[in-house]
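As numbered in full-length UniProt numbering, residues 1 to 1070 make up the sequence shown, in order. These notes concern the structure reproduced below.
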Amino acid sequence: MRRCLFTLLGHLDYIRTVQFHHENPWIVSASDDQTIRIWNWQSRTCISVLTGHNHYVMCASFHIKEDLVVSASLDQTVRVWDIGALRKKSVAPADDMMRLTQMNTDLFGGGDSVVKYVLEGHDRGVNWASFHPTLPLIVSGADDRQVKLWRMNDTKAWEVDTLRGHVNNVSCVMFHARQDIIVSNSEDKSIRVWDMSKRTGVQTFRREHDRFWILSAHPEMNLLAAGHDSGMIVFKLERERPACAVQGGTLYYVKERYLRTYDFAAGKDNPLISIRRAGAMGLNQGPRTLQYNPAENAVLLCSDVDGGSYELYIIPKESTGRSEAAQEAKRGLGSSAVFVARNRFAVLDKNQNQVLIKNLRNEVTKKVTLPSPSTDVIFYAGTGNLLCRSEDKVVLFDLQQRATLGEVSTPFVKYVVWSSDMENVALLSKHAIVVATKKLVHKCTVHETIRVKSGAWDESGVFIYTTLNHIKYCLPNGDSGIIRTLDVPVYITKVSGNSIYCLDRDGKNRVIQIDATEYTFKLALIQKKFDQVLQMIQSLQLCGQSIIAYLQQKGFPEVALHFVKDEQTRFNLAVECGNTEVAVASAKEIDQKDCWHRLGVEALRQGNHEIVEYAYQKTKNFERLSFLYLITGNLEKLEKMLKIAEMRNDIMGRFHNALYLGDVQERVRILEESNHLPLAYATAKVHGLTEAAEDLEAKLLGDNKSVPSLPEEEKSVLLMPPRPILQENNWPLLVVTKGLFEGAFAETVGAADMEDDEAAGAWGAEMEIVEPEEGLNGEAVIVVDEEDRGDDEEGGWEMEDLEIPADAHVPEVAHETAFFVTPTVGMPKSQSWIQNSSLAGEHAAAGSFDSAMRLLSRQLGIQNFTPLKNIFLELSLASQSLLPTLVSVPELPLFLERGWTDSSPVNAKGSPAILTKLSSLEEKLKVAYKTTTEGKFTDALRLFLDILHTIPVVVVDSRKEVDEVKELLGIAKEYTLALRIELKRKEPALKEDLLRQSELAAYFTHCQLQPTHLKLSLQSAMSICFKAKNYNTAAAIARRLLELNLSPAVATKARQVKPFADTSGVYPVS
């Protein structure tokens, strides 16, 4: 919360600057009252007033180490004040004599702060002065447009030099904290950088309309801030990324004026050779990239000097770095240069759009024209190959064949990182990482919200990269996550196990320890190395919601089941993976109605009706329980359900159970008790219950009610349920081997829990429902009746023994086991479509609507997907088909792929057939044009909206088609807007509002329409405005209309309207 803590009062005029002391609780302030005040912000009092200037004091600041204050004033002087006495005064004296001296000073005015130097030399008022952080130097800037450098010692201060270049008042000037430069800004709308050693300007930044007033440096980071008329800018003077390259176990990098090496294994850092100092080339012109050639022990350094240049160094075998380079570097112009062979390197010539192949003597041996005319950077891509960046793609180019081997669309690529085996490449952009194979086949793309700084490949094939704040990982399938946070940005050079080697912005080598467990586990899971997954689960404590969510998302809920202890989460995972045993155990612990219901649904899906029965009993779902007994043929329990319904006074339940059992007498009795005598009589009569029918007939006649007439008996149909002829315990399941994880974790389960099918049957063969009077509050209680369990192996269905001959052949069957894993048939075709594509249209065609919507939301920002529902369904249906087979055999599903031929490989990774193509949209556009011409605006609007809704899921194959889709999108957008305006104008509510009609008609003419429709809209708007007596607007529209190619009749009409505005008055509509 921001609030004012306190206010220090004392200055009599405007305050120009304030500054905190670096150690003491002091604040120094400069004011237009010609004084400087020093305040103690703890005691909130003024502890010293520095007087001496005779004009406005423009600034005052403390020295970073010494007891000095420097001030600048419009009296054309810079003063240095000694505040050593003030420091001594603020420190408690050690003995009585020192305390007495301090009291005498206070009484007789010895002075806390005194002027040490007065620097005179400026011809106009001085606006700013500041100390050098380490050297005895002062810099000042004044209204005389000059920057002066001063030196001081213990006794005096004098002017060293004057820096000229600004053409208006110098408003602020300061020393750079890390480099030997001076930075100044001025009211001439520029910031200038000066070399302290040469006393010359090396760099200038300008703004077009804003004057600069103030400068400030970040205390820790290499950042500067400058305030101007419109706000402020934060900038740095040069790049901080060290140029580096890794070869085997050695890092080659540039620091200051040396090429250095760092041995990863030994941790030793050694200088190799000296290179040209970056300062000699100007700021921000040091090496940007470094390429190392191990065969010739050569180094290529590329920089921005002279618009792009390179330097080739041949490193001596015995180089120590103590002296200058053994030989002069070979230099040349080129925006980028890379080695392409043992003794060849390529240099990009952007102006000629070609690559110059040179030998190590810097002689051109060959020139190769690049495939794309907009190539601006080349990257290393193995021997004889180059990666060429152009526009929004990267092309793999073979220099020998002069052919394009592959290309991938990507945002503006800044860096390229190859894996150690050169099989994969990571293309780093500002906010994205594209991972591809060595042939530039796209594998995945990772998007970041903050800048990507660097990256390196792990030994296992995981890409580790850094942003400004984090170290992250990217798996081969595109999954990413955070490994750890960073205090300062670093640049990764190598990843080895749990160690990350990197360079910081000061060029220092650092080793950061990480925990690679998470991404190693995920990688093993993706690669289906289940033995490694199992080992990690057993040996490490992997936990956390992210791991569980990842396993669940990737289709491994049975693995996630072993990470959780929370019963609710275990139940959800068990239901998802179909593990009813664990689900039952968790449901018992949770004991909630919703859990039992979900368990019943899952058990019913698996055909395990014994668990279904138990779940229904726990939820007291008597209706479903009765129906379950009916379809499983358990008539005995149906009779018990009939008794329970009678005790619960559930008339409908009684009737349904009686109907399921075929108990006609019970149905008659229920109808009679419910006072449905005619229905009871009809039921008894039809089913041949003569005595009951006669009794009911007598009751009907006694109540003066008519006896219902019944049809002939031969036409009557008895409602009798079929008798069960086939009874089974549960649906039969395939006998398969135990799953890896089930088998491993089964070792921890006690032998008592290992029940086989004969003893278990999941819940036993019989469940008894206790009579209501035995339960609590008259409700039914469900218990297991041990005595009623059947001893036969069929689970209590009392099937008769078959008389099979003793010599009958018994086929061998697989041994029964207590654990089953549902067999799989491999990855569905639709799933492979999803994994191989990042296009929303192909995801929708594969039936994965959720992922399609996520892609559209991320790529286009779509939030409302209701208009796309029918389009998604059509795409999904169009990519699948059914092949009819025999009459009694269901159809075979077929997946329709785009571009499939008879010669296509069986396991080729294809893409789904897309119903909507660009050509079909173009045909629909023609129909929409025709409908618009005919004036059927509602139908035309529907067609254009249909085009707009279809474009996000269209799949195209070339850059040309992308441009055509963009053009189509613009046309549909303009026509949709225009037609909505016209339909709004034609609403009955606006029939009498001539002003609004004229306004909407005029809007209609400003949409980007086809010439034919533009003429029609102009004619319509001209007529509407003329009828509304809006003559000025009508004349303006007529002038626009006459510029088009018109028929004589229309042109005559427009010419008649055009002069009418001048003769018929002004706009009369109010």
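All C-beta atoms in this analysis are idealised placements derived from N, C-alpha and C, irrespective of residue type, glycine included. Owing to the predicted nature of the structure, the values given are computational and were not obtained by experimental measurement.
Task: Span separating the alpha-carbon of G764 from that of E610 - done: No answer about G764 holds up, because its pLDDT of 33 lies below 50 and its placement is not dependable.
- [ ] Would you kindly report the start and end of the unbroken beta strand (DSSP E) that includes I191?
- [x] Where I191 is concerned, the enclosing beta strand (DSSP E) stretches over 190-195.
Open item on the list: Just verifying my parser: in three-state terms, what is the DSSP assignment at L776?
Closed with: Low confidence applies here, because L776 scores a pLDDT of 31, under 50, leaving its location unreliable; read the following figure in that light. L776: helix per DSSP, three-state reduction.
- [ ] For the alpha helix (DSSP H) containing C172, list its first residue and its last residue.
- [x] Secondary structure note for C172: it is in no alpha helix (DSSP H), and the uninterrupted beta strand (DSSP E) holding it is 170-175.
TODO: Keeping to the same chain, check which residues put their C-beta closer than 8 angstroms to that of L948; ignore five residues upstream and five downstream.
DONE: The answer, listed in chain order, is L969, A972, K973, T976.
Task: Beta carbon of P476 nearer than 8 angstroms to that of K529 - done: Not a contact, by the Cβ cut-off of 8 angstroms.
TODO: Look at the alpha carbon of S171 and the alpha carbon of T520, and state the distance between them as a whole number of angstroms.
DONE: Those two C-alpha atoms are separated by around 57 angstroms.
- [ ] Report all residues from its chain with a CB closer than 6 angstroms to the CB of T289; omit the five preceding and five following residues, and keep chain order.
- [x] For T289, where only same-chain residues beyond five positions count, the Cβ hits under 6 angstroms are A243, C302.
- [ ] Report the partner residues of A157 according to the DSSP bridge assignment.
- [x] DSSP output for A157 lists M152 as bridge partner(s).
- [ ] List the residues that DSSP assigns as beta-bridge partners of C1025.
- [x] In the DSSP output, where bridge partners are listed per residue, C1025 has none listed.
Open item on the list: Which of the three DSSP states is assigned to P1011 in this structure?
Closed with: Helix.
Task: Contact set for K430: own chain, Cβ-Cβ below 8 angstroms, skip 5 residues either direction - done: P411, F412, K414, R451, V452, listed in sequence order.
Task: Collapsed DSSP secondary structure at M754 in the structure displayed - done: With a pLDDT of only 37 at M754, under 50, the local geometry of the prediction cannot be trusted, and no value is derived from it.
Task: 7 angstroms CB neighbourhood of V1057 in its chain, flanking five on each side removed - done: The beta carbon of V1057 lies closer than 7 angstroms to those of M1022, F1026, A1034, A1035, A1038 in the same chain, with the five residues before and after it left out.
Task: Residue(s) in a DSSP beta bridge with N509 - done: Assignment of beta-bridge partners to N509 by DSSP yields L503.
Open item on the list: Quick check on E646: buried or exposed, where buried means 16 or more other Cβ atoms within 10 Å of its Cβ?
Closed with: Buried is the call here.
Task: Identified DSSP bridge partners for E311 - done: Checking the DSSP bridge columns, you'll see E311 partnered with L301, R331.
Task: C-alpha gap between V954 and L894, whole angstroms - done: When rounded, the distance between both Cα atoms is 22 angstroms.
Open item on the list: Can you list, in chain order, the residues of its chain with a C-beta nearer than 8 angstroms to that of Q665? Leave out the 5 residues immediately preceding and following it.
Closed with: Short of 8 angstroms from the beta carbon of Q665, and not among the five residues preceding or following it, lie these beta carbons of its own chain, in chain order: L689, A692.
Open item on the list: Please return the same chain residues whose Cβ sits closer than 7 angstroms to the Cβ of S197, not counting the five positions on each side in sequence.
Closed with: Taken in chain order, the residues that qualify are D180.
Open item on the list: Looking at N621: is its Cβ nearer than 8 angstroms to the Cβ of M641?
Closed with: Contact: no.
Open item on the list: Let's test the definition: count the other Cβ atoms within 10 Å of the Cβ of N509 and tell me whether it reaches 16, buried, or not, exposed.
Closed with: By the 16-neighbour rule on beta-carbons within 10 angstroms, N509 is buried.
TODO: Determine the DSSP secondary structure at Y415, reduced to helix, strand or coil.
DONE: In this structure, DSSP gives Y415 an extended state, which the three-state scheme calls strand.
Open item on the list: By the three-class DSSP mapping on this structure, what secondary structure does T47 have?
Closed with: Residue identity check: residue 47 is Ile in the sequence provided, not Thr. Three-state DSSP puts I47 in a strand.
Task: Residue burial classification, L50 (beta-carbon count within 10 angstroms, cutoff 16) - done: It counts as buried.
Open item on the list: Does C444 come out as helix, strand or coil in the three-state DSSP assignment?
Closed with: Three-state result, C444: strand.
Task: Nonlocal neighbours in the same chain, by C-beta distance under 6 angstroms from Q42, ignoring five residues either side - done: Cβ neighbours of Q42 beyond the five flanking positions: P25.
Task: Residues of its chain near L1018, where Cβ-Cβ distance is below 7 angstroms and the 5 sequence neighbours each way are ignored - done: Cβ neighbours of L1018 beyond the five flanking positions: T1005, I1037, R1040, L1041.
- [ ] Below 6 angstroms CB to CB, which residues in the same chain sit around P489 once its five sequence neighbours on both sides are set aside?
- [x] Hits under 6 angstroms: K453, L468.
- [ ] Reducing DSSP to helix, strand and coil, say where R985 ends up.
- [x] Helix, per DSSP.
TODO: Counting only the same chain and skipping the five closest in sequence on each side, list residues whose C-beta sits under 7 angstroms from that of T105.
DONE: At T105 the pLDDT is 46, less than 50, meaning the model places this residue with poor confidence and gives no usable figure here.
Task: Selected residue, minimal CA-CA separation from E697, among Q513, E672, M720 - done: The shortest C-alpha separation from E697 is found at E672.
- [ ] Determine the direct distance from the alpha carbon of Q617 to that of E766, and round the result to whole angstroms.
- [x] The pLDDT assigned to E766 is 33, lower than 50, so where the model puts this residue is not dependable; a value taken from the coordinates is nonetheless given after this. Near 13 angstroms, if we compare the C-alpha coordinates of Q617 and E766.
- [ ] Give the DSSP-derived three-state secondary structure of M232 in the structure shown.
- [x] If DSSP states are grouped into helix, strand and coil, M232 belongs with the strands.
- [ ] Starting from N1032, trace the alpha helix (DSSP H) both ways and give me its first and last residue.
- [x] Counting along the chain, the alpha helix (DSSP H) containing N1032 begins and ends at 1031-1042.
Open item on the list: Going by DSSP in three states, N270 sits in which element: helix, strand or coil?
Closed with: Strand.
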